[in-house]
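Residue numbers (my numbering): 1 to 163.
I have placed the structure first, in the form of structure tokens, so that the comments after it can refer back to it.
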């Protein structure tokens with residue numbers, strides 16, 4: 001685990017902090033708390049505060065993503081939500097008897113595709129995310145599965161006692 005300047009190069013543990021920084025920046029911009037000219041300085045401040053890294057220039061700072069230049073605001077949190085939903089889907093697959101790790105290790109991801117296809121993809125936009133996760137997992141969205149996934153994985157990697 002190593003904090004980085006670039007969101008797309010971030011590890012799983014620091015990636016959500018990259019998203020949080022962007023979310024807070026968007027909130028400040030849209031509320032009028034800051035203007036576009038304030039973005040580079042606030043960006044550098046948040047990167048230092050949250051990730052402990054110094055932003056050397058705007059290219060590696062606030063200009064690293066194309067989203068805002070395309071007018072796409074509010075999009076970044078969907079990346080973190082996708083990871084959290086994925087952890088809950090994985091838990092449901094395992095609870096239904098899938099040997100998830102063995103499936104991934106085999107390289108034949110058909111069982112995972114079938115599970116997602118029959119429970120998620122088949123609905124297209126006919127159901128919202130709350131309905132989809134409830135139908136697929138039998139319970140509402142619960143961020144606990146994501147934090148448990150991260151805790152278990154990195155406790156194993158670093159030889160830490162899992163909570």
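Note that beta-carbon positions come from the ideal geometry of N, C-alpha and C, so glycine has one too.
CB contact flag (residue i, residue j, <7 Å)
{"i": "residue 53", "j": "residue 3", "result": "yes"}
{"i": "residue 21", "j": "residue 48", "result": "no"}
{"i": "residue 19", "j": "residue 100", "result": "no"}
{"i": "residue 95", "j": "residue 119", "result": "no"}
{"i": "residue 51", "j": "residue 17", "result": "yes"}
{"i": "residue 93", "j": "residue 121", "result": "no"}
Nearest-angstrom Cα separation, counted from residue j out to residue i
{"i": "residue 43", "j": "residue 59", "result": "12 Å"}
{"i": "residue 117", "j": "residue 125", "result": "13 Å"}
{"i": "residue 102", "j": "residue 56", "result": "43 Å"}
{"i": "residue 36", "j": "residue 65", "result": "15 Å"}
{"i": "residue 97", "j": "residue 11", "result": "29 Å"}
{"i": "residue 177", "j": "residue 33", "result": "Lying before the first or after the last residue shown, residue 177 is absent from the chain, which here runs from 1 to 163."}
{"i": "residue 78", "j": "residue 129", "result": "11 Å"}
{"i": "residue 69", "j": "residue 159", "result": "43 Å"}
{"i": "residue 67", "j": "residue 6", "result": "14 Å"}
Chain-order list of residues whose beta-carbon lies under 6 Å from that of residue i (same chain, five-residue window excluded)
{"i": "residue 26", "result": "73"}
{"i": "residue 146", "result": "84, 87"}
{"i": "residue 141", "result": "133"}
Spatial neighbours of residue i in its chain, beta-carbon cut-off 7 Å, leaving aside the 5 residues before and after
{"i": "residue 111", "result": "98, 103"}
{"i": "residue 91", "result": "145"}
Residue range of the unbroken alpha helix (DSSP H) whose run includes residue i
{"i": "residue 33", "result": "Neither: residue 33 is in no alpha helix (DSSP H) and is coded neither H nor E."}
{"i": "residue 155", "result": "144-158"}
{"i": "residue 164", "result": "Because the chain here runs from 1 to 163, residue 164 falls outside it and cannot be looked at."}
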